[in-house]
Structures are given as C-alpha cells and as structure tokens.
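**Student:** Handing you a structure now.
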Amino acid sequence: MRVSRVAAFSVYEVRRALARKKVLAMVAFTALLDTVPYFILSSTGTTLIPPSLFPYLWVAGVIAPFALFIQFIAILIAAGAMSEEYEAGTAELLLSKPVSRTEFLVGKYIGGYALLAMIIALNACLSIVSATLTYGSQAGLDTVPGVLVVEVYASALFYSVAFALGELVRRSSLSYILSSALIVSSQIIGTYLQVAFELTGKDLYQTIHVYLPTTVAGSLPPQYEQQLLPSSAGRLFQLILGPAGGTPSEASAAVMIATYFLVASALALAYFNRADISRRVS
Amino acid sequence: MTVPVIEFVGAVKQYGNKTIGPMDFSASRGEILGFLGPNGSGKTTCIRMLLGLSRPSSGRVRLRGVDPLRNHVEALTGVGYSAELPNIQTFLTPREVTKLAAAEMGLRDPTPEVYRVLEEVGIIEYADTKVGKLSKGMVQRLSVALALLGSPEVMVLDEPMIGLDPAGTAHLREVLRKYAKDGGTILMSSHMMSEVEDLCSSVILIHSGRLLYMGTPKGMVEEMLGANIVRVQAKGLTPELVESIRRTSGVIDVVESEGWLEVRVGQGVEARPTIARLVSDSGAELLTMTGGERMLERAYIEALRSGRDESK
Chain A
1 MRVSRVAAFS
11 VYEVRRALAR
21 KKVLAMVAFT
31 ALLDTVPYFI
41 LSSTGTTLIP
51 PSLFPYLWVA
61 GVIAPFALFI
71 QFIAILIAAG
81 AMSEEYEAGT
91 AELLLSKPVS
101 RTEFLVGKYI
111 GGYALLAMII
121 ALNACLSIVS
131 ATLTYGSQAG
141 LDTVPGVLVV
151 EVYASALFYS
161 VAFALGELVR
171 RSSLSYILSS
181 ALIVSSQIIG
191 TYLQVAFELT
201 GKDLYQTIHV
211 YLPTTVAGSL
221 PPQYEQQLLP
231 SSAGRLFQLI
241 LGPAGGTPSE
251 ASAAVMIATY
261 FLVASALALA
271 YFNRADISRR
281 VS
Chain B
1 MTVPVIEFVG
11 AVKQYGNKTI
21 GPMDFSASRG
31 EILGFLGPNG
41 SGKTTCIRML
51 LGLSRPSSGR
61 VRLRGVDPLR
71 NHVEALTGVG
81 YSAELPNIQT
91 FLTPREVTKL
101 AAAEMGLRDP
111 TPEVYRVLEE
121 VGIIEYADTK
131 VGKLSKGMVQ
141 RLSVALALLG
151 SPEVMVLDEP
161 MIGLDPAGTA
171 HLREVLRKYA
181 KDGGTILMSS
191 HMMSEVEDLC
201 SSVILIHSGR
211 LLYMGTPKGM
221 VEEMLGANIV
231 RVQAKGLTPE
241 LVESIRRTSG
251 VIDVVESEGW
261 LEVRVGQGVE
271 ARPTIARLVS
281 DSGAELLTMT
291 GGERMLERAY
301 IEALRSGRDE
311 SK
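First to last, the protein sequences are chains A and B. Take the first sequence: its position 57, counting from 1, is numbered 57 in our numbering, and each next residue is one higher. Take the second sequence: its position 166, counting from 1, is numbered 166 in our numbering, and each next residue is one higher.
In structure tokens form, the structure reads like this:
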C-alpha cells in the first residue's frame with residue numbers, strides 16, 4: 001500500500017464531502033448549535049444554571065451535541081463515501097488507474113474521518129468561544145485536547161458502521177436510512193430498557209443497555225471529561241445528559257468501539273475487494 | 001515468445017440469465033484492435049473485465065500478461081482508459097481531475113504532464129472550469145486526456161468518439177493516429193465503422209455475448225460479404241459498359257446504387273485495372289474507384305444479421 005496514493009484519496013474525499021451541500025448544511029447547523037444557545041441563555045438571564053457552573057459551560061457545547069448530533073454528521077459523511085461514488089459512476093474512473101482497492105477504500109475512509117474530526121474540533125472551538133463571550137473566562141480548558149481525541153475515537157463507531165453500509169448496499173439514501181435507523185432504534189430501545197430496569201430491577205435490561213451502540217459511543221466522552229473536572233462540575237453533566245443510566249466502563253466502551261470499527265471495516269474491505277465495481281447505480 | 005498485451009482465454013461473465021463469452025482473443029504490442037458489436041453485446045463488460053473492474057465468472061483475462069484483479073497495480077501500470085459516456089467528478093476542474101489521476105499513477109512532477117495532455121486533446125482553455133459546466137464533447141476529450149496521461153503503452157477506449165463534434169472527432173483521430181504511430185497499443189470499441197476502418201489493424205466482432213469474428217477489417221468484409229467490393233463512379237456510364245464489367249472474369253455481380261457501381265469480385269481477384277480499361281475504352285470518364293474501403297459497415301450489418309439468424 002502506497003501512502004501517497006492513500007493521501008491523494010483522503011484529500012479527494014474531503015473535497016468531495018465538502019462539495020455536498022448536505023454536509024455543509026450540517027456544518028452550518030453545528031455552528032448555530034454551538035453558539036445560539038449560549039447567547040439565548042445568557043440574554044434571558046435564566047437562573048437554571050448555578051453561577052458555580054459558569055466556568056465549565058464550554059463542556060455543554062462540547063459534550064451535549066456528541067451523543068446524537070455529531071453521530072448524524074458522522075453517518076452523513078460516511079454513508080455516502082463509497083455509495084455516492086457508485087451512484088455518480090466515478091468509482092470506475094478512479095479504479096481504472098494503477099491503484100489497489102485497499103488504497104482507495106482506506107484513503108476515502110481516512111479522508112471522511114479527518115473531515116469529521118475537523119467538525120468535532122470546530123464544534124469545540126465554537127463552544128469555548130461562545131461560553132467565554134457569554135459567561136466569562138472558562139476553566140479546565142487543558143482537558144480539551146483529550147476530550148477531542150476521545151470524541152473522535154468514539155465517533156468511529158457510527159462512522160465505521162455507516163461507511164460499511166454504504167459499501168454493502170451501494171445506495172446513499174438506503175445507507176443513510178439504515179445508519180440513522182440504527183442510531184434512533186438504539187436510542188429508543190435504550191430508553192425502554194432503562195424503564196424496564198427501573199420497574200423490575202433486573203440486571204439483564206441494564207446489561208443489554210450498556211452494549212447498545214448509542215450507549216457505548218455516547219458514554220465515553222462525558223465519562224472521560226467528568227473525571228478530569230472538579231466534582232462541582234458534576235451537576236453540569238446531569239443537566240446535559242439527564243438521569244444517569246447504565247454505562248460501560250471507559251475501558252469496555254473503548255474495546256466495544258474498536259470491535260464495532262473492526263467488524264464494520266473488515267466487512268466493507270472484504271466486500272469491496274470481492275465485488276464488481278458498479279458502472280453507475282441510478 | 002511474445003506475451004500478448006491483451007489476452008482473453010475462455011473468459012465468461014454471467015449476469016443472471018445473461019452470459020457474455022466465452023471470449024478468446026488477444027492483441028499484441030503495437031496493434032490497434034477495433035471492438036465491434038451492437039449495444040448490449042458485451043463490449044463494455046469485456047473492457048471492464050480487462051481493467052479488473054469486473055470479475056470473470058470463469059476463464060482468464062490478462063492485461064500486460066498480468067491478472068488485473070489479483071495484481072491490479074501492476075496490470076494497470078502503463079494503461080490508459082477512457083470510458084463510454086465518462087462520469088467525471090463534476091465538482092473538480094479538468095486540471096484537478098488530471099492531477100488526481102497523476103497522483104494515482106504516482107507521477108513525479110505531474111504539472112507539465114497534466115498540461116501536455118489537456119493541450120493535446122484541445123481543452124487547455126477549460127483547464128480551470130468545473131467539469132459540471134463542460135459540454136459532453138469537452139468531457140469526452142477530458143476522458144481521453146486521462147487515458148493519455150503518463151504516455152501509456154496500452155490505451156483502452158470505450159466509444160471514444162461519442163459526443164464529439166466533427167472537428168473533435170477529426171482531432172481525436174489525429175491524436176490516436178499519432179499515438180499508434182509511436183507504437184502504442186489500442187483496444188477501441190466503437191460504432192463508427194469509418195473510424196475503425198481508418199485506424200484499426202484488426203477487429204473483433206461480438207454479438208449477444210458471442211465472438212463472431214476476429215481478424216483484419218478487410219478479412220471481415222471478405223468473410224461476411226463473400227467478396228471484395230470495388231466501387232466505381234464514372235461519367236457517361238452506359239448499360240453496355242455495365243454489362244461488359246459484369247462479364248469480366250472474377251466479377252460476381254454489379255449493382256448500381258446512388259450513382260455508383262458496386263462491383264462484387266471474388267476473393268483475391270484484382271479487377272480494378274480491367275474495370276478502369278473498360279470504362280476508358282467505352283468513352284466514359286472515370287471519376288473515382290475505391291477498392292472496397294468503407295465496406296466494413298455493410299460487413300458488420302451482414303455479420304450481425306447472420307449472427308442473429310444462427311441464434312434463432
């Protein structure tokens with residue numbers, strides 16, 4: 001595998017993803033989500049937020065969108081990475097040159113993932129700036145690089161699944177729908193399981209809940225961040241995430257994310273190396 | 001022994017109920033091979049198997065002596081491809097698309113090469129226009145530019161003339177002639193018989209996934225029409241002159257068509273000097289006499305007709 005070719009496909013994938021209006025729209029929406037709530041909350045002078053939490057409000061903007069919103073951006077980028085090449089008929093052109101299929105797939109995977117990482121970083125920057133402008137200087141900013149790395153890592157779960165689905169079904173709309181359905185159904189099932197656990201007290205419901213993909217991906221960044229901030233900031237996590245449910249330990253979550261990533265990527269790679277390259281899928 | 005640049009050995013592709021093949025043909029270095037057949041006959045499928053984009057259900061395909069599926073990088077090194085109705089990234093410019101292709105090929109210092117190929121196909125002035133804003137003809141030229149990138153030793157062209165205006169067709173013909181003159185090998189599918197006749201040293205004809213003919217264009221005319229055709233245009237033709245040509249040794253038949261005489265002569269018979277003398281002796285003025293050029297289209301139609309009859 002030649003690195004220069006992988007890099008060329010990565011850069012190409014970033015450009016391709018940015019050329020799509022829906023990705024740009026999501027980036028613009030991220031910017032709004034990370035700025036507008038701060039300004040609205042500060043201008044209305046709500047007493048909902050205790051002043052002791054003001055120096056840590058940047059955390060809300062970094063953590064809160066991650067559980068769902070960032071996951072949707074991940075699938076928006078990943079689900080179309082391969083499928084849209086088939087739909088546009090451009091995969092044939094790119095693969096008629098002396099490149100291996102693995103280089104192509106890995107390059108596109110890395111490119112889309114790098115774009116997602118940039119969006120996560122943008123999300124954090126905007127949150128910090130907005131929180132500073134509205135609630136004064138922020139504390140605990142030395143933990144930002146770490147939480148960003150954790151968020152990027154955790155987002156690999158849905159990114160990989162959506163990427164693999166895009167390759168397997170080769171239809172962008174279908175892969176978006178399937179990936180979104182996975183997030184939504186995982187979230188709904190998680191809620192039901194939590195309710196069932198509260199009502200019955202049976203550990204089985206809690207155990208299943210812990211292994212759901214939304215629980216795994218969504219629990220890692222807040223768990224990581226919470227232990228680095230003073231206990232006085234703990235109230236903030238309750239406000240952002242709601243009542244605490246069953247969550248896997250950090251190590252378990254990290255292993256499960258890696259498992260989802262490996263299985264999805266191996267499936268995508270095996271199928272891509274075996275299947276014919278579609279001429280144009282309409 | 002020289003290894004064929006392109007080689008199909010019993011290659012079959014099965015799509016549900018449809019079967020393409022078995023295909024057995026090859027092309028040597030420096031050969032310009034015309035790939036003929038109606039729409040849906042399997043030309044593009046064969047090309048896709050050759051490029052390692054599609055896996056043969058059985059049999060063997062080799063490009064530059066290498067399996068294009070197992071060793072894609074090695075097989076495709078030095079091979080240029082232009083697709084039929086190419087789908088090129090609309091958000092990039094021709095310069096960017098060509099640079100991306102150069103990066104795929106691992107070309108060092110690609111900029112001069114990028115400009116050379118864009119210049120060669122005549123779209124240098126559109127180098128920075130988004131592909132989505134280019135006309136079909138310009139996109140087709142860009143596709144050929146991508147195929148020419150890095151001076152490949154083999155070019156695989158799937159309907160390269162589609163969408164080109166007459167000037168574009170003439171320009172591309174010249175580009176391909178120059179490429180062939182420099183020793184390049186071409187596999188070219190086309191519906192334009194005149195182009196195939198002009199450019200190709202050999203042709204393959206397939207129909208409904210079956211190989212009907214492989215050989216020279218002249219041989220195809222002889223085999224499919226059972227004769228050579230001499231076309232004569234003369235001023236002052238008389239029924240007596242037509243009759244005397246018909247009685248000439250080796251002449252099978254004479255047909256008048258749109259001001260031309262089409263003289264069918266037996267294979268290997270050279271009747272042109274005799275015909276010229278007869279025209280001259282009769283007092284008519286000989287305007288043009290061709291030795292069977294432009295007959296490939298007729299041979300092609302005849303081959304398809306007999307191919308269909310056989311499959312009934």
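C-beta: ideal position from N, C-alpha, C; glycine also. Being a predicted model, the structure only gives us computed values, none of them experimental.
Between M295(B), M193(B), L164(B) and S280(B), which lies nearest to A227(B) when the distance is taken from Cα to Cα?
**Tutor:** M295(B)
**Student:** Could you tell me the alpha carbon to alpha carbon distance between D165(B) and S54(B), rounded to whole angstroms?
**Tutor:** Distance between the alpha carbons of D165(B) and S54(B) is about 31 Å.
**Student:** For L225(B), I'd like the list of residues in its chain whose CB is within less than 8 Å of its CB, leaving aside the five on either flank, ordered along the chain.
**Tutor:** R264, M295, R298, A299 and E302
**Student:** Give a yes or no on whether the minimum CB-CB distance between A101(B) and chain A is below 7 Å.
**Tutor:** Output row for A101(B): interface = yes.
**Student:** Can a CB atom of chain C be found closer than 7 Å to the CB of S10(A)?
**Tutor:** No chain C appears in this structure, whose protein chains are A and B.
**Student:** Quick check on P217(B): does DSSP put it in helix, strand or coil?
**Tutor:** helix
**Student:** Please state the DSSP three-state secondary structure of L229(A).
**Tutor:** coil
**Student:** Since V210(A) is in the beta strand (DSSP E), which residue starts that stretch and which ends it?
**Tutor:** Run containing V210(A): none in the beta strand (DSSP E); it sits in the alpha helix (DSSP H), D203 to Y211.
**Student:** Do M161(B) and E195(B) have their CB atoms nearer than 7 Å?
**Tutor:** Result yes, Cβ atoms of M161(B) and E195(B) sit closer than 7 Å.
**Student:** What's the gap between the Cα of G59(B) and the Cα of F8(B)?
**Tutor:** 8 Å
**Student:** In its own chain, which residues sit with a C-beta less than 6 Å from the C-beta of A164(A), not counting the 5 before and 5 after it?
**Tutor:** Once the five neighbours on either side are set aside, the close Cβ partners of A164(A) are A264, L267 and A268.
**Student:** Report, in whole angstroms, the separation of the C-beta atoms of N87(B) and G80(A), which I expect to be a contact under 8 Å.
**Tutor:** With a Cβ gap of about 16 Å, N87(B) and G80(A) do not count as contacting.
**Student:** Less than 7 Å between CB atoms is the rule here; does V255(B) satisfy it with respect to chain A?
**Tutor:** no
**Student:** Under a CB-based cut-off of 7 Å, is K22(A) close to chain B?
**Tutor:** no
**Student:** Please report the straight-line C-alpha distance between L93(A) and A114(A), rounded to a whole angstrom.
**Tutor:** 24 Å
**Student:** Can you find a C-beta in chain A that's less than 7 Å from the C-beta of L157(B)?
**Tutor:** no
**Student:** Among all the DSSP beta bridges, which residues are the ones paired with N228(B)?
**Tutor:** In the DSSP assignment, the residues bridged to N228(B) are V265(B).
**Student:** State yes or no: is the C-beta of K130(B) within less than 7 Å of the C-beta of T93(B)?
**Tutor:** Contact flag set, yes.
**Student:** So, is the C-beta of M23(B) closer than 7 Å to a C-beta in chain A?
**Tutor:** Against chain A, the CB of M23(B) has no partner CB under 7 Å away; the residue lies outside that interface.
**Student:** Identify the contact partners of Y81(B) in chain A, using a Cβ-Cβ distance below 7 Å as the criterion.
**Tutor:** S96
**Student:** Quick check on the DSSP output: the alpha helix (DSSP H) that includes A83(B) runs from which residue to which?
**Tutor:** That residue, A83(B), is in no alpha helix (DSSP H); it is neither H nor E in DSSP.
**Student:** Considering D301(A), what are the terminal residues of the alpha helix (DSSP H) in which it resides?
**Tutor:** Look at the range of chain A in this structure, 1 to 282, and you will see that residue 301(A) is not part of it.
**Student:** Determine which residues share a DSSP beta bridge with G42(B) and list them.
**Tutor:** BP columns for G42(B) are empty, so no partner.
**Student:** In chain B, what lies closer than 8 Å to I277(A) by C-beta?
**Tutor:** R48, L53 and S54
**Student:** Would a check of beta-carbon distances place V73(B) closer than 7 Å to chain A?
**Tutor:** yes
**Student:** Going along chain B, which residues have a C-beta under 8 Å from E19(A)?
**Tutor:** In the sequence as presented, Glu is not what sits at residue 19(A); that position holds Ala. What A19(A) touches in chain B: F91.
**Student:** Leaving out the 5 sequence neighbours to the left and right, which residues in its chain are closer than 6 Å to M256(A) when beta-carbon positions are compared?
**Tutor:** V216
**Student:** Starting from S360(A), trace the alpha helix (DSSP H) both ways and give me its first and last residue.
**Tutor:** Examination of residue 360(A) is not possible in this model, given that chain A is present from 1 through 282 alone.
**Student:** Can you find the residues in the same chain that come closer than 7 Å, C-beta to C-beta, to G30(B), ignoring five residues on each side of it along the sequence?
**Tutor:** G183 and T185
**Student:** Using the C-alpha atoms, what's the distance from A258(A) back to L212(A)?
**Tutor:** 14 Å
**Student:** For the region 97–115 of chain A, which residues have a CB atom closer than 8 Å to at least one CB atom of chain B, in sequence order?
**Tutor:** Cβ contacts with chain B: K97, P98, V99, S100 and R101.
**Student:** Which partner residues of H207(B) appear in the DSSP bridge assignment?
**Tutor:** R210(B)
**Student:** How would you label D109(B), buried or exposed, when you count the other beta carbons within 10 angstroms and need 16 or more for buried?
**Tutor:** The residue is exposed, with fewer than 16 neighbouring Cβ atoms inside 10 Å.
**Student:** Quick one: Cα of L107(B) to Cα of E74(B), how far?
**Tutor:** 15 Å
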